[in-house]
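Asks: Residue numbers (my numbering): 4 to 214.
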Amino acid sequence: KHPAPQWLTMDAAVKHCAEGIGIWQWASNDQGVAPDVVMACCGDVPTLETLAAVSIMREHLPDLKIRVVNVVDLMKLQPHTEHPHGLSDKDFDELFTTDKPVIFAFHAYPWLVHRLTYRRTNHDNIHVRGYKEEGTITTPFDMTVLNDLDRFHLVMDTIDRLPQVGDAGVYLKQQLKDKLIEHKEYIDKNGEDLPEVRHWKWGATNNGKPA
């Protein structure tokens with residue numbers, strides 16, 4: 004087992020788990036305005052990679068308004084008419100918007116999220132990255148790379164859906180492609196992940212601070 008980061012205080016974690024879903028305000032920067040993109044996550048590894056992706060975007064694309072939504076209870080994604088835990092359409096739309104891209108990093112098969120959300124207003128804009136049966140004996144981070152679930156792929160995915168990022172997005176995407184090549188070369192040579200991946204912490208490269 005690898006040491007797991009703790010994102011919330013105990014009080015905040017208890018409240019978040021009771022609610023089952025919510026915006027992580029300390030990781031978001033869309034306060035008071037409409038977000039350009041919603042970065043959603045469910046599961047410990049997808050949450051880590053999503054936060055790392057958000058930190059990259061907040062550093063390199065500072066004008067981008069990003070909302071981070073963390074999901075603990077998947078049944079929240081269903082309409083409340085289909086499951087007692089489900090969100091009403093109004094509550095779902097308030098979290099995920101009605102028209103903005105949603106990049107959803109998930110710790111299981113993507114079809115499950117699509118199945119739970121297909122009646123939602125913004126379903127066509129929900130892009131799920133999850134398990135693809137891609138795997139081998141490799142490093143923990145490389146497993147996420149093989150499944151397009153890593154921070155670099157998540158950022159590139161977001162750039163592809165936001166034409167307004169323009170040339171800054173083009174240059175950042177090239178940097179991330181180069182970083183993926185560097186990652187592959189490093190693990191082939193050293194048998195472990197890049198130090199910047201292994202030692203990544205929220206707040207090291209941006210101004211966001213956990214509550």
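The beta carbon of each residue, even a glycine, is placed where N, CA and C say it ideally should be. Remember, predicted model here, so these are calculated numbers, not experimental data.
1) Checking 8 Å against the spacing of the C-beta atoms, do residue 98 and residue 26 come in under that value?
2) From residue 173 to residue 120, what does the alpha carbon distance come to, in whole angstroms?
3) With a threshold of 16 other CB atoms inside 10 Å of the CB of residue 46, please say whether the residue is buried or exposed.
4) Check this for me: beta carbons of residue 157 and residue 52, under 8 Å apart or not?
5) Rounded to the nearest angstrom, what separates residue 106 and residue 95 at their Cα positions?
6) Just to confirm the assignment: which complete alpha helix (DSSP H) runs, minimum length 4, are found wholly within the stretch 53 to 133?
7) Grouping DSSP H, G and I as helix and E and B as strand, with all else coil, what is residue 23?
8) Could you check what DSSP says for residue 30 in three-state terms: helix, strand or coil?
9) Go ahead and label residue 36 buried or exposed: buried means 16 or more other beta carbons lie within 10 angstroms of its beta carbon, across all protein chains shown.
10) What is the rounded straight-line gap between the Cα of residue 198 and the Cα of residue 38?
11) Going straight from the alpha carbon of residue 134 to that of residue 112, what length do you get?
12) Looking at the unbroken beta strand (DSSP E) that takes in residue 40, where does it start and where does it end?
13) So, are the CB atoms of residue 42 and residue 75 less than 8 Å apart?
14) Excluding the 5 residues flanking residue 56 on each side, which residues of the same chain have their C-beta closer than 6 Å to its C-beta?
15) Answer with buried or exposed for residue 215, where buried requires no fewer than 16 other C-beta atoms within 10 angstroms of its C-beta.
16) Quick one: what's got a C-beta closer than 8 Å to residue 23's C-beta in the same chain, skipping five residues either side?
17) Would DSSP call residue 169 helix, strand or coil?
18) In whole angstroms, give me the CA-to-CA distance for residue 188 and residue 182.
Replies: Concretely, from the data shown:
1) yes
2) 31 Å
3) buried
4) yes
5) 15 Å
6) 92 to 99 and 113 to 120
7) coil
8) helix
9) exposed
10) 32 Å
11) 5 Å
12) 40 to 45
13) no
14) 154, 157 and 158
15) Not covered by the structure: residue 215. The range shown for the chain is 4 to 214.
16) 74, 75, 76, 78, 79 and 88
17) helix
18) 10 Å
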